[in-house]
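> The following block contains the structure, expressed as structure tokens.
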Amino acid sequence: MINLQELTKDYGTVVAVNKLNLSVSAGEIYGFIGPNGAGKTTTIRMMGGILAPTSGKIIIGGLDMAQKPAEAKKLIGFIPDRPFLYEKLTGMEFLQFSADLYNVKRDTFLEKAQKLLQQFDLLDWADELVEAYSHGMKQRLIIASALLHDPQILIIDEPMVGLDPSAVRLVKDILKELAAHQTTVFISTHTLSIAEDLCHRIGLIHKGTLSAQGTLDELKHIANLGEAGLEEVFLTIIKENTFI
Ligand SMILES: Nc1ncnc2c1ncn2[C@@H]1O[C@H](COP(=O)(O)OP(=O)(O)O)[C@@H](O)[C@H]1O
Ligand SMILES: [Mg+2]
66 MINLQELTKD YGTVVAVNKL NLSVSAGEIY GFIGPNGAGK TTTIRMMGGI LAPTSGKIII
126 GGLDMAQKPA EAKKLIGFIP DRPFLYEKLT GMEFLQFSAD LYNVKRDTFL EKAQKLLQQF
186 DLLDWADELV EAYSHGMKQR LIIASALLHD PQILIIDEPM VGLDPSAVRL VKDILKELAA
246 HQTTVFISTH TLSIAEDLCH RIGLIHKGTL SAQGTLDELK HIANLGEAGL EEVFLTIIKE
306 NTFI
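Position in the sequence shown (from 1) plus 65 gives the number in our numbering.
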């Protein structure tokens with residue numbers, strides 16, 4: 066569903082993303098982890114069709130983002146790292162606004178919005194102004210809004226920042242359920258424990274380059290570690306950076 070080929074982005078002399086090659090299949094949760102400045106957000110913005118690559122290709126559901134951007138973007142639910150919310154709208158109004166952007170039909174909207182509000186534990190807050198929401202509630206509303214058009218692919222940049230443990234659990238459970246129903250999830254995160262128990266496969270990006278990728282077990286093997294957590298694997302691979 067996602068296929069990146071030699072994807073590269075330069076900002077002047079800074080190579081933010083360097084010849085990235087990776088694929089994610091339907092129903093897979095792919096965790097994209099790496100230190101600050103590694104190139105995660107730049108990659109995600111290119112995948113969402115927001116930022117043009119310097120070179121390389123992005124294929125989304127078989128469509129080339131450079132050639133069929135409108136069709137490719139329809140397949141994606143996109144959650145940026147710093148989402149924009151209209152504080153003076155109610156939660157329901159914000160969902161309606163998002164649904165209009167995604168061309169969701171009016172007659173299916175209400176049912177879908179109710180279902181999502183319930184799933185994300187926001188039903189009681191549907192008619193309250195967004196400005197009254199806590200950070201976690203805003204985050205959940207943003208994720209709900211990206212699911213209104215039933216995207217086949219969900220791309221999320223750092224969704225768990227500032228969420229309390231129960232909200233993290235809620236979001237994780239929803240992502241797992243989406244993947245079980247064949248939605249492809251690409252998620253960047255700093256929080257290694259989340260990647261560890263959510264993602265089927267993990268890619269480690271460091272200085273714009275994919276240093277290693279695989280299941281947690283495969284990464285442990287690559288890093289030559291036995292019973293280690295992802296944190297140790299991550300630190301070992303980033304330090305040595307001699308893989309792939
Ligand atoms: N608009 C920009 N102009 C110049 N350099 C940028 C810009 N955006 C990101 N960078 C640089 O590209 C690199 C990757 O950044 P980013 O993709 O935001 O990393 P991450 O999301 O992994 O923290 C960093 O060195 C960053 O300073
Ligand atoms: Mg980032």
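Backbone N, C-alpha and C fix where the C-beta goes; we use that ideal spot for every residue, glycine too.
Bear in mind the structure is a predicted one, so any value in this text is a computation, not a measurement.
1. Let me check understanding here. Comparing Cα to Cα, which of K84, A117, K153 lies closest to S276?
2. Does the Cβ of T106 lie closer than 8 Å to at least one heavy atom of ligand 2?
3. Just to check my reading of the structure: F185 and I221 have Cβ atoms closer than 8 Å, yes? What is that Cβ distance to the nearest angstrom?
4. Within the present structure, is the beta-carbon of S253 separated from the nearest heavy atom of ligand 2 by less than 8 Å?
5. Please check if any C-beta of chain B sits within less than 9 Å of the C-beta of L154.
6. Spatial neighbours of L212 within its chain, please: C-beta separation below 8 Å, excluding the five flanking residues on both sides.
7. State yes or no: is the C-beta of D238 nearer than 8 Å to some heavy atom of ligand 2?
8. Pull up the DSSP beta-bridge partners for A277, would you.
9. Let me make sure I understand the geometry here. Which of H286, G279, T256, C264 has the alpha-carbon closest to that of E296?
10. Taking 8 Å as the threshold, find out whether the region 71 to 86 comes into contact with the region 266 to 275 through three or more Cβ pairs.
11. How would you label F251, buried or exposed, when you count the other beta carbons within 10 angstroms and need 16 or more for buried?
12. Ignore the nearest five residues each way along the sequence and tell me which others in E223's own chain have a CB closer than 7 Å to its CB.
13. Mapping the DSSP letters down to three states, classify L150 as helix, strand or coil.
14. Under the three-state reduction of DSSP, which class applies to D282: helix, strand or coil?
15. Which whole-angstrom value describes the C-beta separation of I259 and V298, a residue pair presumed to lie in contact below a C-beta threshold of 8 Å?
16. Between P148, R171, L281, I109, which lies nearest to M130 when the distance is taken from Cα to Cα?
17. State the start and end residues of the unbroken alpha helix (DSSP H) segment that holds G201.
18. From this set, I144, P148, I125, which residue's C-alpha is nearest A137's C-alpha?
A quick look at the data gives this:
1. Here residue 276 refers to the residue found at position 211 when the sequence shown is read from its first residue. Checking every option, the nearest Cα to that of S276 belongs to K84.
2. Taking the sequence shown and counting its residues from 1, the one referred to as residue 106 is at position 41. At least one heavy atom of ligand 2 is nearer than 8 Å to the Cβ of T106, so yes.
3. Your numbering for residue 185 matches position 120 in the sequence shown. Your numbering for residue 221 matches position 156 in the sequence shown. With 8 Å as the limit, F185 and I221 do not qualify as a contact, their Cβ atoms being about 14 Å apart.
4. Your numbering for residue 253 matches position 188 in the sequence shown. Yes, the Cβ of S253 comes within 8 Å of a heavy atom of ligand 2.
5. The question asks about chain B, but that chain is absent: this structure has only one protein chain.
6. Here residue 212 refers to the residue found at position 147 of the sequence shown. Once the five neighbours on either side are set aside, the close Cβ partners of L212 are G142, L181, L219, L243.
7. Sequence index remark: in the sequence shown, residue 238 carries index 173 (1-based). No; taking the cut-off as 8 Å, the Cβ of D238 has no heavy atom of ligand 2 nearer than that.
8. Reading the sequence shown from its first residue, position 212 is the one you call residue 277. Beta-bridge pairing links A277 to L269.
9. If you number the sequence shown from 1, residue 296 lands on position 231. Taking only the C-alpha atoms, the option nearest E296 is T256.
10. yes
11. Translated into positions along the sequence shown, residue 251 becomes position 186. Buried: at least 16 other Cβ atoms inside 10 Å.
12. Position 158 of the sequence shown holds residue 223. Cβ neighbours of E223 beyond the five flanking positions: D146, S253, T254, H255.
13. As a first step, residue 150 must be located in the sequence shown, where it is residue number 85. Looking at L150 - three-state DSSP - the assignment turns out to be coil, as it is neither helix nor strand.
14. Position 217 of the sequence shown, counted from the first residue, corresponds to residue 282. If DSSP states are grouped into helix, strand and coil, D282 belongs with the helices.
15. Within the sequence shown, residue 259 is the residue found at index 194, counting from 1. Within the sequence shown, residue 298 is the residue found at index 233, counting from 1. Not quite, the Cβ-Cβ distance comes to about 15 Å (not below 8 Å), so this is no contact.
16. Translated into positions along the sequence shown, residue 130 becomes position 65. The shortest Cα separation from M130 among P148, R171, L281, I109 belongs to I109.
17. One-based indexing of the sequence shown puts residue 201 at position 136. Note, G201: alpha helix (DSSP H), 200 to 210.
18. One-based indexing of the sequence shown puts residue 137 at position 72. Checked all of I144, P148, I125; the closest Cα to A137 is I125.
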